[in-house]
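Enquirer: Can you read through this structure? Questions will come right after.
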Amino acid sequence: MSEFLMRPKNDFAFKEIMMNENARIGFISAVLKIAPRDIRKTRIMNTELRKVHEDDKQGILDVRLSLNDDTEIDIEIQISEVKVWPERALFYLAKMYTEQISEGEDYDVFKKCISINILDFNLFKDEPEFYSVFHIREDARSILYTDKMEFHVIELPKLPKEAKEESDDILLWAKFINAERKEEFDMLSEKNAYINSAYDQLKIISQDEQKRQVYEAREKARRDHNQMMKEATERGLEIGEKRKKIEIAKNLIKMGLSVDMIVQGTGLSEEQVKELQD
Numbered sequence: 004m005s006e007f008l009m010r011p012k013n014d015f016a017f018k019e020i021m022m023n024e025n026a027r028i029g030f031i032s033a034v035l036k037i038a039p040r041d042i043r044k045t046r047i048m049n050t051e052l053r054k055v056h057e058d059d060k061q062g063i064l065d066v067r068l069s070l071n072d073d074t075e076i077d078i079e080i081q082i083s084e085v086k087v088w089p090e091r092a093l094f095y096l097a098k099m100y101t102e103q104i105s106e107g108e109d110y111d112v113f114k115k116c117i118s119i120n121i122l123d124f125n126l127f128k129d130e131p132e133f134y135s136v137f138h139i140r141e142d143a144r145s146i147l148y149t150d151k152m153e154f155h156v157i158e159l160p161k162l163p164k165e166a167k168e169e170s171d172d173i174l175l176w177a178k179f180i181n182a183e184r185k186e187e188f189d190m191l192s193e194k195n196a197y198i199n200s201a202y203d204q205l206k207i208i209s210q211d212e213q214k215r216q217v218y219e220a221r222e223k224a225r226r227d228h229n230q231m232m233k234e235a236t237e238r239g240l241e242i243g244e245k246r247k248k249i250e251i252a253k254n255l256i257k258m259g260l261s262v263d264m265i266v267q268g269t270g271l272s273e274e275q276v277k278e279l280q281d
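For the sequence shown, position 239 (counting from the first letter as 1) is numbered 242 according to my numbering, and the numbering increases by one without interruption.
In structure tokens form, the structure reads like this:
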């Protein structure tokens, strides 16, 4: 137990780390590029997005924060690849935005909503940068349409691997979230006081037996999901290969080739070829 450390990119572990206010302030100031002293207070909010109608899609956020200017922030960690991630992130942010208003209220009640996505896969395959920020702007002149919605994307596989001077706090935080070994945590915590607070919180939760059980359950669920997806992909490839062989065999039958030649050419069994002939 004394040597065990959770991986911060596990969604449960990250949520527990964000329960530490110093860690929250440090992470938010790094991502939003604002001074920590300008964040007087952060508040953890309910992570369930309300359903207005019974058939509405339910939304569960990883970490949901509110700043003292009422800006709302959704922080999501996703380890397994999701091809429709932009649509999912937009859905969650739109739900956060629209639930700020009640019947009879004016539109000026809306506060800024920010989505921070930490992904353990490459979302933008052709882009080398690990960190991207998106706003709603006019295409030709880049005029900001509104600042009420903002998306931040951190792609962990793109973190620079070569040794370099890390002056950017967001890079330090991304490396901390991606770290797995004690030596990495020790080195990063020495470079940033807020990361040091996050590391202290990580050590505390890693020694909590109940929290470790929840963490292990989340890790098992992730491994089981990945294995099921791998097996489903393999089954799909096998089915596709078999169908391809069958189509080739049908064409060879039409050409009048013998059963033996078709078996040799396609790898199908003699019984399978005869069934196709019938």
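No residue lacks a Cβ here, since even glycine has one placed at the ideal position from N, Cα and C.
What are the partner residues of H138, as DSSP defines its beta bridges?
Expert: Looking at the DSSP assignment, H138 forms no beta bridge with any residue, so it has no partner.
Enquirer: When burial is assigned at 16 or more other CB atoms within 10 Å of the CB, is N23 buried or exposed?
Expert: Classification for N23: buried.
Enquirer: Under the assumption that P11 contacts F154 (Cβ atoms under 8 Å), give the Cβ distance between them as a whole number of angstroms.
Expert: Not a contact, Cβ separation roughly 21 Å.
Enquirer: Report the CB separation of K214 from E19 in whole angstroms; it is logged as a contact under 8 Å.
Expert: Right, the Cβ-Cβ distance comes to about 6 Å (below 8 Å), so this counts as a contact.
Enquirer: Using the beta-carbon count (16 or more within 10 Å), is D14 buried or exposed?
Expert: Burial call: buried.
Enquirer: Considering only residues of the same chain and omitting the five flanking positions on each side of V162, which have a CB-CB separation below 8 Å?
Expert: Residue identity check: residue 162 is Leu in the sequence provided, not Val. F133, L174, A177, K178, N181.
Enquirer: Mind checking which residues open and close the alpha helix (DSSP H) that includes I265?
Expert: 262 to 269 is the span of the alpha helix (DSSP H), which, as asked, contains I265.
Enquirer: For the stretch 183 to 195 and the stretch 132 to 146, state whether three or more C-beta atom pairs, one from each stretch, are separated by less than 8 Å.
Expert: The stretch 183 to 195, when compared against the stretch 132 to 146, does not touch it at the 8 Å Cβ threshold.
Enquirer: Out of curiosity, what's the CA-to-CA distance linking A252 and V262?
Expert: Whole-angstrom Cα-Cα distance: 9 Å.
Enquirer: Smallest Cα separation from G270: which of G259, E212, E244?
Expert: It is E244.
Enquirer: Quick one: Cα of A224 to Cα of E273, how far?
Expert: Approximately 43 Å between the Cα atoms of the pair.
Enquirer: In the DSSP assignment, the alpha helix (DSSP H) including R27 goes from what residue to what residue?
Expert: Unbroken alpha helix (DSSP H) run through R27: 24 to 35.
Enquirer: Under three-state DSSP, which class holds F154?
Expert: Looking at F154 - three-state DSSP - the assignment turns out to be strand.
Enquirer: May I have the straight-line CA-CA distance separating I256 from L240, to the nearest angstrom?
Expert: I256 and L240: Cα-Cα distance of roughly 24 Å.
Enquirer: Here's the rule I'm using: 16 or more other beta-carbon atoms within 10 Å means buried, otherwise exposed. How should K105 be labelled?
Expert: One point to set straight first is that residue 105 is Ser, not Lys, in the sequence displayed. Answer is exposed; the Cβ neighbour count stays below 16.
Enquirer: What are the boundary residues of the beta strand (DSSP E) that S118 is part of?
Expert: 116 to 122 is the span of the beta strand (DSSP E), which, as asked, contains S118.
Enquirer: Given this structure, state the Cα-to-Cα distance separating Q210 from D109, to the nearest angstrom.
Expert: The straight-line gap from Cα to Cα measures roughly 49 Å.
Enquirer: Under the rule that 16 or more other beta-carbon atoms within 10 Å means buried, what is I37, buried or exposed?
Expert: Answer is exposed; the Cβ neighbour count stays below 16.
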